[in-house]
Amino acid sequence: MQSNSQLIYKLQVALNSRGLRVLCNRSQFYSSQQNRPVTIYKVAQSITNPVTMKNNHKELFSSASEIQVVLFMRNLWYAVNGWDIPPTNKMKGADVFEAAWRNFEENELKSVLELSNNTYENTSDNPESNEE
Numbered sequence: 008m009q010s011n012s013q014l015i016y017k018l019q020v021a022l023n024s025r026g027l028r029v030l031c032n033r034s035q036f037y038s039s040q041q042n043r044p045v046t047i048y049k050v051a052q053s054i055t056n057p058v059t060m061k062n063n064h065k066e067l068f069s070s071a072s073e074i075q076v077v078l079f080m081r082n083l084w085y086a087v088n089g090w091d092i093p094p095t096n097k098m099k100g101a102d103v104f105e106a107a108w109r110n111f112e113e114n115e116l117k118s119v120l121e122l123s124n125n126t127y128e129n130t131s132d133n134p135e136s137n138e139e
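The letter at position 43 of the sequence shown is residue 50 when you use our numbering, and the numbering goes up by one with no holes.
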């Protein structure tokens, strides 16, 4: 069985092959309340400014739960491919994740997919872009 980190990497590679340009970062801070370091995982999309040709990173999702990042990226993969999003198994934090996904789906998913389609159409990974 693969670790969550391996699944995140595979989903990142798959999403990037579709032109999404997804970045996954993690950072830590010390929680005096929990008396331990806490890791925060962030999923962002790299967007190139056409004028300055610099990359900006738009945060898509953030969580202290690595499995929620896996689920978010899985849902993003299903959405990019136009497939129905599978239900989330009941686990600790499932309600919070479902609410975050619905919010993302309602407010940002369309623009993320449009950018993905525009990028994918102009890459060498797209067999249709190599026709001459």
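Note that CB positions come from ideal geometry on N, CA and C, so glycine has one too.
None of these values were measured; they are calculated from a predicted model.
Under the three-state reduction of DSSP, which class applies to residue i: helix, strand or coil?
i: Q9; result: coil
i: N96; result: coil
i: R25; result: coil
i: D91; result: coil
i: Q58; result: In the sequence as presented, Gln is not what sits at residue 58; that position holds Val. Here V58 sits in coil by DSSP.
What span of residues does the beta strand (DSSP E) with residue i cover, start to end?
i: A51; result: 43 to 55
i: Q75; result: Careful: Q75 lies outside any beta strand (DSSP E), inside the alpha helix (DSSP H) at 73 to 87.
i: V29; result: 29 to 38
For residue i and residue j, I'd like the C-alpha separation in whole angstroms.
i: V45; j: N11; result: 17 Å
i: D132; j: R25; result: For D132, the predicted structure reports a pLDDT of 47, less than 50, and the residue's modelled location is therefore unreliable. A value from the coordinates is still provided. Roughly 8 Å separates the two Cα atoms.
i: V58; j: L116; result: 24 Å
i: F111; j: I92; result: 13 Å
i: Q41; j: A101; result: 21 Å
i: S39; j: G89; result: 43 Å
i: M98; j: N63; result: 34 Å
i: P94; j: R81; result: 11 Å
i: A71; j: F36; result: 11 Å
Would a C-beta distance cut-off of 9 Å place residue i and residue j closer than the cut-off?
i: L83; j: V119; result: yes
i: E73; j: I15; result: yes
i: C31; j: V103; result: no
Kindly indicate the opening and closing residues of the alpha helix (DSSP H) around residue i.
i: E66; result: Premise fails: E66 lies in the beta strand (DSSP E), 62 to 70, not in any alpha helix (DSSP H).
i: V103; result: 101 to 114
If residue i and residue j are in contact, beta carbons under 8 Å, what's the gap, nearest whole angstrom?
i: L18; j: V87; result: Contact doesn't hold; Cβ gap of about 10 Å is too wide.
i: V20; j: V50; result: That belief does not hold up - the Cβ atoms of V20 and V50 are roughly 14 Å apart, past 8 Å.
i: K65; j: I47; result: Rounded, the Cβ-Cβ distance is 17 Å, inconsistent with contact.
i: Q9; j: L27; result: The pair is not a contact, with the Cβ atoms about 21 Å apart (cut-off 8 Å).
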